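These notes are about the structure you will find just below.
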Amino acid sequence: MTFPLDIPVALRRQLPPGTGVLLGISGGVDSAVTLALLKALECDVQCVTFKNFCYGDDEVELTEKSCCSLEAIADARRLAQRFDAVHWVGNIEEVFRRQVIDPFIADYLVAETPNPCLACNSVVRFPELVRLAERQGCAFAATGHYARIQGQATAARLLRGVDPAKDQSYFLHRIEPALFSRLVFPLGWYDKPAVREAARALGLTVADKRDSQEICFVPEGDRGFLFADAPDSPAARPGEIVDLQGTVRGRHRGLIHYTVGQRKGLGIAAPEPLYVVALDLARSRLVVGRKQDLLRRQLAVSDFRAAVPDFPDHWEATADTETVVARIRHRHDGVPVRSWSRQDGLIRLELAQPADAPAPGQACVLYRGDLVLGGGRMVRTTGD
1249 MTFPLDIPVA LRRQLPPGTG VLLGISGGVD SAVTLALLKA LECDVQCVTF
1299 KNFCYGDDEV ELTEKSCCSL EAIADARRLA QRFDAVHWVG NIEEVFRRQV
1349 IDPFIADYLV AETPNPCLAC NSVVRFPELV RLAERQGCAF AATGHYARIQ
1399 GQATAARLLR GVDPAKDQSY FLHRIEPALF SRLVFPLGWY DKPAVREAAR
1449 ALGLTVADKR DSQEICFVPE GDRGFLFADA PDSPAARPGE IVDLQGTVRG
1499 RHRGLIHYTV GQRKGLGIAA PEPLYVVALD LARSRLVVGR KQDLLRRQLA
1549 VSDFRAAVPD FPDHWEATAD TETVVARIRH RHDGVPVRSW SRQDGLIRLE
1599 LAQPADAPAP GQACVLYRGD LVLGGGRMVR TTGD
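Per my numbering, the sequence shown starts with residue 1249, numbered consecutively.
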């Protein structure tokens, strides 16, 4: 078949005709175009959709926003049929709850802000995709993520996608590097507008389907129902909103509903905007301050996973070194790193300029150019 976009030479070399590829397909536009591209390359494609979470009676209300809802699974099946690819559904609800949902709940109960996509990608989705690919005799597992893999075997490395507005390497940095050589992300070479145009040119019904931007098991944005069994937890109880001087400014409905850097939903009036600066679990207090109170030059990162070999325990920027930047959330441009040092199980980073609102529990990912160096979990921050 003819594919409406130019296919990079690197992809053609990596995926010659007949290459077996297991594609994780969600029923959205990205995985649909990935399927079309793989078929255009004459790959032998098989498709799998993972069902992560059971929505029960609320299924009908959640279909448009849920990446693994019954409607999304039906869309995935139709796409696979359209391109004459085998499709099946993998039920991973048990391992997903144990490895993703339960830790998510536990983190909020200690007033941290987890990123469940990182856990899902590193310990559930991609290990399972590669395992299934091996079982099915496929050389690669693929998804519609906007990132790239460069190199082969032990030299394979994770890179940003070419579209800075859509790059998803932040969410993939905790994948075990040993899996890189078995993965391919074809959309990493394109930008999102071009992918949607390709979908329209191919006549795909999902061409204008809205992207899933919410946590798949919290599709309406309110995670409160997950804490029904912990109503007396300090993080779930209502409490005071205070400023940095300790003045009571209002009441909050439970720390589980807030994160550092949040502005909306505080329900308090002030002459200038106020933001969540800290979550005081010991006193069930939500601490608010001004925008400048969120700036930090020092970060401490735990559970660091290197994505490259020989990651140094100590590093300092000089005139002769390439710039390393730290990204503290998805869509964050990143700030230059002045130095880091591994001490007491933590990577302690000194930044060349302040980072805005680093949240404990979120990831800090290091990059040199497009190359992902590694990342870990921010456990605390200190001011200048």
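For every residue, glycine included, the Cβ atom is placed at its ideal position computed from N, Cα and C.
No experiment lies behind these values; they were computed from the predicted model shown.
The three-state reading of DSSP puts Thr1571 in coil, since its state is none of H, G, I, E or B.
In the three-state reduction of the DSSP assignment, Thr1402 falls in the helix class, which pools H, G and I. Apart from the 5 residues on each side of it in sequence, Gly1472 sits with its Cβ closer than 8 Å to the Cβ of Gly1502, Ile1504, His1505 in its chain, given in chain order. In its chain, beyond the 5 residues on either side, Leu1366, Leu1406, Arg1553, Ala1555, Ala1611, Val1613, Val1620, Gly1622, Gly1623 have a beta carbon closer than 8 Å to the beta carbon of His1421.
Judged by beta-carbon spacing, Gly1392 lies beyond the 8 Å limit of Gly1409, meaning their Cβ atoms are not closer than that value. Per DSSP, Phe1473 lies in no alpha helix (DSSP H) and is assigned neither H nor E. Using a Cβ-Cβ distance cut-off of 8 Å, the region 1520-1536 and the region 1578-1589 are not in contact, since fewer than three pairs of beta carbons, one from each stretch, lie closer than that value. Here Gly1593 has Ser1550 as same chain residues with Cβ atoms under 8 Å from its own Cβ, once five neighbours each way along the sequence are excluded. For Tyr1356, the uninterrupted alpha helix (DSSP H) segment begins and ends at 1350-1357.
CA-to-CA, the gap between Gly1399 and Gly1276 works out to about 28 Å. In this structure, the beta-carbon distance from Ala1603 to Arg1538 does not fall below 8 Å. Less than 8 Å separates the beta-carbon of Leu1253 from that of Tyr1438. Arg1511 and Ser1417 have their C-alpha atoms some 27 Å from each other. Of the residues assessed, Val1334 falls on the exposed side of the cut-off, its CB having fewer than 16 other CB atoms within 10 angstroms. Close CB contacts of Phe1419 within its chain, under the 7 Å cut and outside five residues either way in sequence, are with Cys1365, Leu1366, Asn1369, His1578 (chain order). Scanning its chain for C-beta atoms nearer than 6 Å, with the 5 sequence neighbours on each side dropped, one finds around Cys1386 the residues Gly1268, Val1269, Leu1270, in chain order. Ranking Thr1250, Ser1274, Lys1299 by CA distance to the CA of Leu1286 puts Thr1250 first.
Annotation for Thr1282: the continuous alpha helix (DSSP H) segment containing it runs 1277-1288. Contact between Phe1428 and Asn1300 is ruled out by a C-beta separation of about 23 Å, above the 8 Å threshold. With 16 or more other Cβ atoms inside 10 Å of its own Cβ, Trp1563 counts as buried. One alpha carbon belongs to Arg1497, the other to Ala1605, and they sit about 21 Å apart. Taking 8 Å as the cut-off, the beta carbon of Phe1388 is found no closer than this to the beta carbon of Ile1340.
In the DSSP assignment, Ala1548 forms a beta bridge with Arg1596, Arg1628. When the beta-carbon positions are compared, Phe1433 and Arg1379 stay at least 8 Å from each other.
For Cys1365, the uninterrupted alpha helix (DSSP H) run begins and ends at 1364-1367, by DSSP. For Asp1292, there is no enclosing alpha helix (DSSP H); the enclosing beta strand (DSSP E) has its first and last residue at 1292-1299.
Per DSSP, the unbroken alpha helix (DSSP H) holding Arg1326 starts and ends at 1318-1330.
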